Amino acid sequence: MDEALALPSEHAVTIALRTQQIIAEESGAANTVDPLGGSFFVEAQTNRMEKDAYAYFRRIEELGGVIPALEKGFMQSEISDAAYRYQREIDQNIRKVVGVNAYLDDKPMNIPILKMDPHGYSRQVARLNEVRKTRDSGRAGQTLDRLRIACEGTENTMPYIMDCVRAYCTLGEIVGVMTKVFGKYEEPTMI
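Residue numbers are given in this note's numbering: position 7 of the sequence shown equals residue 703, and the series is strictly consecutive.
The structure is reproduced here in structure tokens:
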């Protein structure tokens, strides 16, 4: 209800949760494995989606697989094209979205926007500085070094990342080590 404007407010989160709970507890839909009992419509849609998904996988394979498809900008292009088509369908009233281009309510809505604590940032920075001051800096440095060595090789990096976390290394420190080894991925742009 308010996610387009800001992070969801507690009120919006509660409404979403209650909606799910009503479906689960009151509708009976969760009491059976197949609540629609093999509905022709649902089965037909499932079959269509499966057929379309496999056709899509074949297109990616024809490009040489996922990595070459990414390098050619295929994924980015597909996402961009889909978003453009979707918005055009809404703008031309081909696709109906309740509250956007269908069943509009002219009354102004009073949606409570989640307010961020203005002192939250400084409080978090103080907590971070305290962690850095009180942790075993030698241990933290050693775990980051071992992570770097693992990244330079072919080992599973997850155990090394977990060691860094246990040594109170920050997310920024961990990502920094990995970025130095692997670099930053930049999506190819499509023209």
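Ideal Cβ placement from N, Cα and C applies to all residues, glycine included. The structure presented is a predicted model; accordingly, all values stated were derived computationally and were not measured.
Annotation: the continuous alpha helix (DSSP H) that includes R823 extends over 816–830. Exposed is the label assigned to T830, since fewer than 16 other Cβ atoms lie within 10 Å of its Cβ. As the crow flies, the alpha-carbon of M854 is around 46 angstroms from that of N797. Shortest Cα-Cα distance from K876 to any of P884, L701, E848 involves E848. It is roughly 35 angstroms from the alpha-carbon of Y856 to the alpha-carbon of S773.
Distance from the CA atom of L843 to the CA atom of Q716, rounded to whole angstroms, is 42 angstroms. For V794, the beta-bridge partners assigned by DSSP are A798.
Straight across, the Cα-Cα distance linking N852 with A846 is about 7 angstroms.
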